[in-house]
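A.B. asks:
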Amino acid sequence: MKSYQNNDSTEQIAHELAHTFRLGTFKTEINEAETKLKWSTYLILDLLDEKPKLSANKIADVYHIDVDKVKKQLKEMVIDGVLRVETSIEDKKLKYYSLTESGRYFLKKAHQARHQVYDGLVSEWSEDERLQFAGLIRKFNVELNKKDLTSSI
C-alpha cells in the first residue's frame, strides 16, 4: 500500500483513521451456528458487561448515538436472546437492559476472536510499541469523547 503524501500531520491522521475505520469493518465469524455480532452490538454488550442494568437513554448517551437507533438495536438483541429487559418498579416506562448467559457467551467469543485478529496484526510489534499505541488510541478517544462532532463547520 502506498503511503499518503501530505505534510500536514492532522491531514495524515485523518487519512489514516479513515483507512483504519474502513479496514476495521471486517467481520469476525464466531461460528456458523452462532451469531455474528455487529460492532455496535459488541460495544453495547461490552458496556453492559461493565455496567449491568442500563437504560437505552444511558447507552445512547455513552456512545453518542440516537436513542431511537439504540432502542431498535436493543429490541433486536432481546429477540436474539443476548439481552434481558426489566421494567422499572418506580417508572413503568423505564426499561433496564442486562446480559443473559447467552450474551455473556457471545461477548466472550467475540473478545477471543477480536484478540486473535488484533494479536495477529501487531505480532511483530514489541510490547512497548503495543502499549504506546494503546495509550495513544486511549488518549485520542478521550479527546474524541469530549467533542461534539455533530456541529457544523
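Those letters in the sequence shown? Residues 1 to 153, per UniProt numbering, in order.
All C-beta atoms, glycine included, are put in the ideal place defined by N, C-alpha and C.
Remember, it's a predicted structure, so these values are computed and weren't measured experimentally.
(1) Could you check where the alpha helix (DSSP H) with E90 kicks off and where it finishes?
(2) Three-state secondary structure (DSSP) at V85?
(3) Please determine, among E16, E124, V142 and F106, the residue with the shortest C-alpha to C-alpha distance to M77.
(4) With distances taken from CA atoms, which of K139, E101, K71 and I89 is nearest G81?
(5) DSSP three-state label for S126, please.
(6) How long is the line joining the alpha carbons of Y42 and A110, rounded to whole angstroms?
(7) Using a Cβ distance threshold of 8 angstroms, determine whether the region 62-70 contacts the region 110-128, with at least three qualifying pairs required.
(8) Beta carbon of S98, beta carbon of L48: below 8 angstroms?
(9) Name the two residues that bound the continuous alpha helix (DSSP H) containing K51.
(10) Hey, would you say S40 sits closer than 8 angstroms to Y96, going by beta carbons?
C.D. replies: On the basis of the coordinates in this document:
(1) Walking along the sequence shown from the start, residue 90 turns up at place 90. Unbroken run through E90: none, as it is neither H nor E.
(2) Position 85 of the sequence shown, counting from 1, holds the residue named residue 85. DSSP places V85 in strand when its eight states are reduced to three.
(3) Indexing the sequence shown from 1 puts residue 77 at position 77. Answer by Cα proximity: F106.
(4) Position 81 of the sequence shown holds residue 81. Nearest option by C-alpha distance: E101.
(5) Locating residue 126 in the sequence shown gives position 126, counting from the first residue. Residue state, collapsed to three classes: coil.
(6) For the purposes of this step, residue 42 is taken as residue 42 along the sequence shown, with counting starting at 1. For the purposes of this step, residue 110 is taken as residue 110 along the sequence shown, with counting starting at 1. If you take the alpha carbons of Y42 and A110, they lie about 8 angstroms apart.
(7) no
(8) Here residue 98 corresponds to residue number 98 of the sequence shown, with the count starting at 1. Here residue 48 corresponds to residue number 48 of the sequence shown, with the count starting at 1. Yes, they are a contact pair.
(9) For the purposes of this step, residue 51 is identified with residue 51 of the sequence shown, where counting begins at 1. It is not in any alpha helix (DSSP H) - K51 carries neither H nor E in the DSSP assignment.
(10) Translated into positions along the sequence shown, residue 40 becomes position 40. Translated into positions along the sequence shown, residue 96 becomes position 96. In this structure, Y96 does not lie closer than 8 angstroms to S40 by Cβ.
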